[in-house]
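Q: Please find one structure pasted underneath; my questions will follow.
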Amino acid sequence: MELVRAVASTGSASPKSIAIRADQKSYTYHQLISSAQKISNLLCNADLKSADGHTENKCLGGSRIGIVAEPSAEFVAGVLGTWFSGGVAVPLALSYPEAELLHVMNDSDVAMILSAEDHQELMETVAAKTGVQLSLIPHVPSINSDRTEHDDMRNGEKDGDKSFQGIKVSKEINGDDPA
1 MELVRAVAST GSASPKSIAI RADQKSYTYH QLISSAQKIS NLLCNADLKS ADGHTENKCL
61 GGSRIGIVAE PSAEFVAGVL GTWFSGGVAV PLALSYPEAE LLHVMNDSDV AMILSAEDHQ
121 ELMETVAAKT GVQLSLIPHV PSINSDRTEH DDMRNGEKDG DKSFQGIKVS KEINGDDPA
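Residue 1 is where the sequence shown starts when you use UniProt numbering, and the numbers rise one by one after that.
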């Protein structure tokens, strides 16, 4: 998982640098990695079956996480959050009808769905039919959003640095790739 280490390293060295530009908005490494950490915490606190069939209550152990979102900062945060937790990201095509989504989810043994709010209704139906948990991908604030650096400082974050040295990445990342 060299990519995860590279993102964490760049985020640590340059938290205010632009990581993504999408839809006329810019997202810093700090904003992206903070959102990915929130998703990782959400995933690690869920009771999901790992790839070997055991229930995990800490990290994912190779569990597959379906991700449904337009190409966006939220999609990238969902993938990174899944990888931070030792999971395998399974992008689910937005163009697929429900029957095709059900097939892909069952075939890939998805344990949980992370969905953008835009696709919540369809994914609630799919989650109910497959018996998996559904969680919405949290909004990633952009540089241009209502949330400002002043808001971050009031929440205890100083200088855009929530200290990426402390990123807790699942031990699976340091070992064999679960994918």
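All residues carry an ideal CB built from backbone N, CA and C; glycine is no exception. Quick caveat: nothing in here was measured; it's all calculated off a predicted structure.
(1) Can you find the residues in the same chain that come closer than 6 Å, C-beta to C-beta, to residue 25, ignoring five residues on each side of it along the sequence?
(2) Using DSSP with H/G/I as helix, E/B as strand and the rest coil, what is residue 11?
(3) Using a Cβ-Cβ cutoff of less than 7 Å, which residues in the same chain neighbour residue 106 once the five nearest sequence positions on both sides are dropped?
(4) Helix, strand or coil for residue 152? Go by DSSP, reduced to three states.
(5) Please state if the CB of residue 116 and the CB of residue 65 are separated by a distance shorter than 9 Å.
(6) Go ahead and label residue 30 buried or exposed: buried means 16 or more other beta carbons lie within 10 angstroms of its beta carbon, across all protein chains shown.
(7) Is the stretch 79–98 touching the stretch 30–43, taking contact as three or more C-beta pairs under 8 Å?
(8) For residue 140 and residue 101, which I take to be in contact (beta-carbon distance under 8 Å), what is that distance rounded to the nearest angstrom?
(9) Determine the direct distance from the alpha carbon of residue 99 to that of residue 17, and round the result to whole angstroms.
(10) What runs of the alpha helix (DSSP H), each 4 residues or longer, lie entirely inside the stretch 55–122?
(11) Under a Cβ-count criterion, where at least 16 other Cβ atoms within 10 Å of its own Cβ denotes burial, should residue 6 be classed as buried or exposed?
(12) By a C-beta neighbour count over all protein chains shown, 10 Å radius and 16 as the cutoff for buried, is residue 103 buried or exposed?
(13) Determine the direct distance from the alpha carbon of residue 132 to that of residue 19, and round the result to whole angstroms.
(14) Mark residue 40 as exposed unless 16 or more other C-beta atoms lie within 10 angstroms of its C-beta, in which case mark it buried.
(15) Going by other Cβ atoms of all chains shown within 10 Å of its Cβ, with 16 needed for buried, is residue 63 buried or exposed?
(16) Skipping 5 residues on each side, what residues in its chain have a beta carbon closer than 6 Å to that of residue 96?
(17) Helix, strand or coil for residue 22, going by three-state DSSP, please let me know.
A: Straight from the coordinates:
(1) 142, 144
(2) helix
(3) Cβ within range, chain order: 130.
(4) Because the pLDDT at residue 152 is just 45, under 50, the model does not fix this residue reliably, and the point stays unresolved.
(5) In this structure, residue 116 does not lie closer than 9 Å to residue 65 by Cβ.
(6) buried
(7) yes
(8) About 24 Å; that fails the 8 Å criterion.
(9) 41 Å
(10) 73–84, 98–108
(11) exposed
(12) exposed
(13) Their Cα atoms are separated by approximately 31 Å.
(14) In summary, residue 40 is buried, with 16 or more beta-carbon neighbours lying within 10 Å of its beta-carbon over all protein chains present.
(15) buried
(16) none
(17) In this structure, residue 22 counts as strand in the three-state DSSP scheme.
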